[in-house]
Amino acid sequence: MQASGVFLGQFIGEFMQILDAPAPVPGLPITDPIIIVLLLMATALIVPFIARRLHLPDIVFLIIAGILLGPHGAGILSRDQDAVALFAVVGILSLMFLAGLEIDIREYRKNRSKSIVFGALTFCTPMTLGFLSGMYLLDMSLLQSVLLASLLSSHTLLAYPVISRLRIGSDESVAVTVGGTIITDVAALLVLSAVVSMHTGEMTSAFIIESALKLFAFMFFELILLPRIASRALEKLENDGRKQFLFVFVVLFGSAFLAELAGIEPIIGAFMSGIALGRFVPPVSPLGNRIDFFGSTIFIPAFLISVGMLVDLAVIFADLRTVYVAVVMTLAVILAKWLAAFFTQKIFSWSRERCGIVFGLSVGQAAATLAAVTVGYKIGLFGHDVLNGSIVTIFVTALLGPLVAQIMGKRIAREMGQLQAEQDFSRRRILIGAEEKAGSERLLEVAIMLHDPKGITDMRAVTILDSSRDTPKRVEAIGKHLSHYAKEAAAAGHKIEFGPRISPSVAMGLANGAGEFSASDIVIGFSAKRTVFGPHRSPVLDELVQRSGTRILASRLFSPLATMEKMTLLLPAGIELEEDFQGTLITLKSIALQSRSVLTCCGSAPGLALARTIFEASPSLAGILWEECGHEDLIRRIRDTEGVRCIVLARQEGASWSREMRQMKQLAYSLPRDVPVIIMFPSIKRESSAPGTVPEALGRIRDIFRNAWRQGEP
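Residues 1 to 714 (the working numbering) are what the sequence shown spells out, left to right.
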């Protein structure tokens, strides 16, 4: 910390020397677009290292970098330059889009009434204090006071990474705060649009009616029509990640343009398009990774740098008015957000710690605040004093929010104690049985969804070859197919091993490969067909279940999981007796979290009770429907349920195996080929047979007859 203090002191000293420069340097600001882009990218690369060294948010130092590079600093760059302006516009739209993309509508629906109460409090309280502060403390006009109040009423969940790290996201106070964010941010941005219209003289009765109709049409398109269009489009383009990416950004900028046509700010369009597409873009996916890379790596840092170019620190330190505005704004937002959290605590009878969590999450000012103050400055409602005051407010709240959230979050984490039923899945090793047929991309998609963002996931994709039947041409084709897996995994930020494997049978090859890889999960495709052994069988899956004790996930999916609205989890009676039942539920929970489908859990009371513990542990899974079902009801749900069926089955030597379990397995195998289904077998500890023993010999004889039978098939 002492070294950090010396570094910061030197930094401030050098910066003040720059401010005292007597005259601009000839040739500045730079006009060459190549050098401008180089400087922006280099700054976005270097600044985060400085921020981490000082243990401060990146956002603060990117703004400081903009101050240094801008006209009020070294004068190297100007915000009026075309390249900087373009990056800034794309950056602010990307910032609002990503903010909307992270909002889970299910969390809002789960705590809708409480979120509405908190959203109203965290919007109205800062609006009131901000308006009074503007009118009576800062001598602002009516419009200026309303706009000031609106930018203070919004908030950004800057402290949420702290909550995620403490694993208390399942707490009700966190869910309510996240839901209230939607209400207060949208309301604040709508007030911003109304103020801009009034300032430009467009606010008449006819204009109000016209604007209301345009707003209704815009919201109807964004929340009703756009999700349906996106679902179909992303499904059609699933085999072309580049076109999916382009579609998403066509939607982003198209929504921003439609917002302009509706008479509201483009940033609202970007925010609403993020909410509309949120459930179709899993965070851990190639598309999600591309979107985040596009915005977070270049354009959002460029926008923050451009905001810093507007700031004149010399004015802050030289003008008492600016200092006064900064103090008033900062104290107003802190007091208002604390009062909103306090009132929410009293209404819902929460503890002081939960009041602190709500305050820590909601006090942070960033995205919407920057957007509002930038628009206000551009149209002339705000001067440098409010702009600079906003930067000070952002700086203070960016430090205060995470600090309070960490202190109070640790207390809640200790209080929750044993409620955190999550196992240690920080390291997963997933073996994928890669197939050559169409639709095999679903296997990689499912495997990627099992990844814990806070952990490490190792993947290996293998295709089993038969040395007696496979030709060199097919081996070459398989190599190309597996390299495609590697490219798709890399697009999602994962490295995957791949290669063919020679084995007398597919199941034996997968079982041996899982043992060598020390796999925690095996992901394979599921298919069932009629054979002489019974009405419906899945030979590869059945043999793999017998050979390997590793957790198995067999899927038959025809569309991306993110486009499937419903998912039903079917838990047979007694399945909770399996030793790996919790691990299996955690695996399914990862899929549900990423796909954001509406999940219905059906099963017996003991199984549902344990499932509730797992799904409500951090990170919580919202919007779940719980249905206690007997065996006959489960059979009916397997046949008649819409969406994806997720069925958990036990092995024959498992503790929960029964006649009813066998019936469910046979029914799952007999489902029509166009029905999406996921079948999971929990892992089981199994002693391997030594070479030369009777079980091993019988296994070899069975393989010989099976291979002979396959060679005789037409």
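Ideal placement from N, C-alpha and C gives every residue a C-beta, glycine not left out.
Looking at the DSSP output, T200 shares a beta bridge with no other residue.
Rounded to the nearest angstrom, the gap between the Cα atoms of S656 and T587 is 19 angstroms. L510 and I575 have their C-alpha atoms roughly 25 angstroms apart.
Counting along the chain, the unbroken beta strand (DSSP E) around S555 starts and ends at R551 to R556. As summarised for the segment 335-371, the continuous alpha helix (DSSP H) elements at least 4 residues long and confined to that stretch are 352-362, given in chain order. The beta carbon of M564 is closer than 6 angstroms to those of S597, G643 and V644 in its chain, skipping five residues each way along the sequence. The beta carbons of L450 and Y160 sit about 23 angstroms from each other, so the pair does not count as a contact at 8 angstroms. The segment 346-358 and the segment 282-302 do not touch, with fewer than three beta-carbon pairs separated by less than 8 angstroms. Approximately 22 angstroms separates the beta-carbon atoms of V363 and G308; this is outside 8 angstroms, ruling out the contact. Taking P682 as reference, the option from V545, A573 and D674 with the minimal CA-CA separation is V545. The continuous alpha helix (DSSP H) containing I275 extends over residues P266 to L277. Remark: C-beta atoms of F131 and L151 do not approach each other more closely than 9 angstroms.
Within the DSSP secondary-structure output, P500 pairs in a beta bridge with T463.
Residue range D521 to G525 is occupied by the beta strand (DSSP E) that includes D521.
At least 9 angstroms separates the beta-carbon of F294 from that of F257.
Under the Cβ criterion (8 angstroms, minimum of three pairs), the segment 329-348 does not count as touching the segment 72-86. Going by beta carbons, I524 and R501 fall outside the 9 angstroms limit. When the alpha-carbon of L166 is set against those of R460, A413, R547 and L569, the nearest one is in A413. D674 is classed as exposed because its beta carbon has fewer than 16 other beta carbons within 10 Å across all chains shown.
Under DSSP, G73 shares a beta bridge with no residue. K566 is bridged by DSSP to V598.
For the set T125, D139 and I678, the Cα lying nearest the Cα of Y324 is the one of D139. Restricting attention to G499, A562, S555 and I168, the CA atom closest to the CA of R228 is found in A562.
Rounded to the nearest angstrom, the gap between the Cα atoms of S153 and S390 is 13 angstroms. For P672, the number of other beta carbons within 10 angstroms of its own is below 16, and it is reported as exposed. When the five nearest sequence neighbours on each side are left out, the beta carbons in the same chain lying within less than 6 angstroms of the beta carbon of S145 are those of F131, G134 and M135, in order along the chain. Note on geometry: alpha-carbon atoms of H384 and K378 lie some 11 angstroms from one another. Sequence-distant partners of E435 (beyond 5 residues in either direction) whose C-beta falls short of 6 angstroms from its own C-beta, in its chain, are G525. Less than 9 angstroms separates the beta-carbon of I635 from that of L667. Inter-segment contact for the segment 287-307 and the segment 258-269 is absent: fewer than three beta-carbon pairs are separated by less than 8 angstroms. Beta-bridge partners of E627 (DSSP): C602. CA-to-CA, the gap between S559 and R639 works out to about 20 angstroms. The beta carbons of V358 and S173 sit about 5 angstroms from each other, so the pair counts as a contact at 8 angstroms. Between A366 and A405 a beta carbon distance of about 15 angstroms is seen, past the 8 angstroms cut, so the two are scored as non-contacting. DSSP places F382 in the coil class of the three-state scheme, outside both helix and strand. With 16 or more other Cβ atoms from the protein chains shown falling within 10 Å of its own Cβ, D58 counts as buried.
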